[in-house]
Every structure is written in structure tokens, then in C-alpha cells.
Amino acid sequence: MPAHGSNKHQSPTTLVHAMQILQITARGGHRGASIDDYLDELEFSRPTLYRLLKGLKQQGFLRSSPIRGRYLLGYELLVLGAQAGNGAGLRDLARPRLLGLAQRWGDSFYLFARDGINAVCLEVQNGAYPVGSFVRATGGRLPLGVGQASIALLAYLGVQERDEILNHNAEQLMDEYAIAIADIEVEIAHQLKQGYARGVEGSLLPEYCGLAIPILDHSGHPLGAMSCSMLKSRMTATHKLEVLQGMQEEVTAMVNQAHGLLYLD
1457 MPAHGSNKHQ SPTTLVHAMQ ILQITARGGH RGASIDDYLD ELEFSRPTLY
1507 RLLKGLKQQG FLRSSPIRGR YLLGYELLVL GAQAGNGAGL RDLARPRLLG
1557 LAQRWGDSFY LFARDGINAV CLEVQNGAYP VGSFVRATGG RLPLGVGQAS
1607 IALLAYLGVQ ERDEILNHNA EQLMDEYAIA IADIEVEIAH QLKQGYARGV
1657 EGSLLPEYCG LAIPILDHSG HPLGAMSCSM LKSRMTATHK LEVLQGMQEE
1707 VTAMVNQAHG LLYLD
């Protein structure tokens, strides 16, 4: 990947190879990846690898690890990721609201958005009683159908689109999360009737439960979902009502603010 201004006609193959390098680097975690790691998985030559590594470093997508001879993902990816996760300005608008909810109620609050057949966590704020979650941090992905935020995102899609997603994810949902499509459909019906999602019970986190509110634009299209996870012992009728009311107030204010920003010069 050349520096800015050179070789405008980069081949699609080179782009694919560069993306493969980034994926291998990401799998290396905090240790990064070595030349041998790349060569073991890639089918192009060592000179091509070195050329691409140099270009990716120049662009800021890779950086040298403190461990000699290894590479880490570069900080430029953080910049791009922050923008990618801020569709309609939701992440910026949601962050202080999630923090306020976490400080007020003590539970863990999340912002999710749909990414194809998955739900991706754009933001998380933990209160005084943080809990386990299917996603470990911002950027975590789940197949749609897992967790209460997935239900809130699925419920407002067209029936055909929703069925295609669930049919695609069905095997993974059952094999990895013990979630049946029929149970998801029950929760979608609950979301549409009651206005909030609960998620499917009895999966991998039996001691936790959650609530989610869809974030709908003024045409009813799902922009995202605000979600809360808590210990089951904390889900009293009063706490549930208070958290739902608090999330709904924040979602309504956030959508109105986002809508207003569209008309500002």
C-alpha cells in the first residue's frame, strides 16, 4: 500500500492482501504478528509481504511492536473505527447518556447497531454493579439473535429481511449460544407489543438478564439499540420500570437531538 499520492491504480489483489495482513495482525492480539505468522497464512511472496508491511506502516495502519520483529495494528485504525462507529452521530450522542444511566442505576449500559447479520457494540459504560456480557468491549460483535439488543434491532426490520438473517444465523445461534429461532420470534413479538426487549433466556449467561430499547428514526427505521445488563437479583419490578423509563427518556432525547442536528448548517 503506497504512501499518499503514488500509484493511483492499486490492484484489487494488493488491497485484499493488505486486508489479510491486518486481519492476521489483529489475531495476534497484544503480541502482534511476526513475519513467520504472515508467511504461514499468506500465499504471496516474502518481497511482496515486506512491501505491503512498509506501506501499511507509512499509512499508520501498522506499527512496530516493542517485541522485536513483530507488528501491531496502527493507531490510524482507531481514528477510522471511531468514525465508522459513529453513524448518524449516535456514538457521540449516546456516550454521556450511557454514562449517566450507569452512574444513576449502577448497571452496565450499551449502544448497539446492526452490521449486516451481526450486532456490533459501539459503546459501553459500566456502573457500580458491572456484569458479564456476550461482548467484552466496544467493537465486539454478536450474531443477530443473541442478546436483548439484537431483539430490538431485528423487530423493526421487514419480515423477509428478518427471516433471511435468522435463517442464516440459525445454526450458529443454536450451536454456540443454545438459542432457538422460535424463542427469538417470541421475544420479537414481545418487543413489538411492549416496546422493549428482554433477550432469550437460558443461554450462556444464566445469572444475568437485560433490557433494550430500540433507537428508531422518525420513519421507524432502527438506527441502533440502547441496552442494559444486570444481575437477575437486581431485576425487581421497581428497578426494571425505572431503568426502562430512564433509557426511553434518553433515547427519545437522543433521537430528537440527532434529528435537529441534520438541519443545522
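First residue of the sequence shown? That's 1457 in the numbering used here, and the numbers climb one at a time after it.
Built from N, CA and C at the ideal position, the CB exists for glycine as well.
Quick caveat: nothing in here was measured; it's all calculated off a predicted structure.
Beta bridge pairing from DSSP links Gly1680 with Ile1671.
One Cα belongs to Cys1577, the other to Ala1569, and the distance between them is close to 7 Å. Under the three-state reduction of DSSP output, Leu1600 falls in the coil class, being neither helix nor strand. Counting every other CB atom within 10 Å of its CB across the protein chains shown gives Val1602 a total of 16 or more, marking it as buried.
For Val1576, the enclosing beta strand (DSSP E) begins and ends at 1574–1582. For Tyr1566, the enclosing beta strand (DSSP E) starts and ends at 1564–1571. In the three-state reduction of the DSSP assignment, Leu1528 falls in the strand class.
Here the alpha carbons of Ala1482 and Leu1471 stand approximately 17 Å from one another. Counting C-beta atoms within 10 angstroms of its own C-beta, Arg1560 has fewer than 16 neighbours from the protein chains shown and is therefore classed as exposed.
Annotation for Arg1560: the continuous alpha helix (DSSP H) segment containing it runs 1546–1561.
Of the candidates Ser1490, Pro1670, Cys1665, Glu1627, the residue whose Cα lies closest to the Cα of Gln1647 is Pro1670.
Here Ser1675 is exposed: its Cβ has fewer than 16 other Cβ atoms, across all protein chains shown, within 10 Å. Take the alpha-carbon of Lys1649 and the one of Tyr1585: they are about 30 Å apart.
Residue burial annotation: Arg1547 is buried, with at least 16 other C-beta atoms found within 10 angstroms of its C-beta. The straight-line gap separating the alpha-carbon atoms of Val1580 and Glu1705 is approximately 18 Å. Judged by beta-carbon spacing, Phe1565 lies within the 8 Å limit of Cys1684, meaning their Cβ atoms are closer than that value.
Within the same chain, and ignoring the five residues on either side of Ala1636 in sequence, the residues whose Cβ sits closer than 7 Å to its Cβ are Met1630. The beta carbon of Met1703 sits closer than 6 Å to those of Ile1669, Met1682, all from its chain and outside the five residues before and after it, given in chain order. Note on Glu1627: under 16 other CB atoms within 10 angstroms of its CB, so exposed under the neighbour-count rule.
Bounds of the beta strand (DSSP E) holding Arg1519 are 1518–1520. Counted as a single uninterrupted DSSP element, the stretch harbouring Ala1634 is not any alpha helix (DSSP H), since DSSP gives it neither H nor E.
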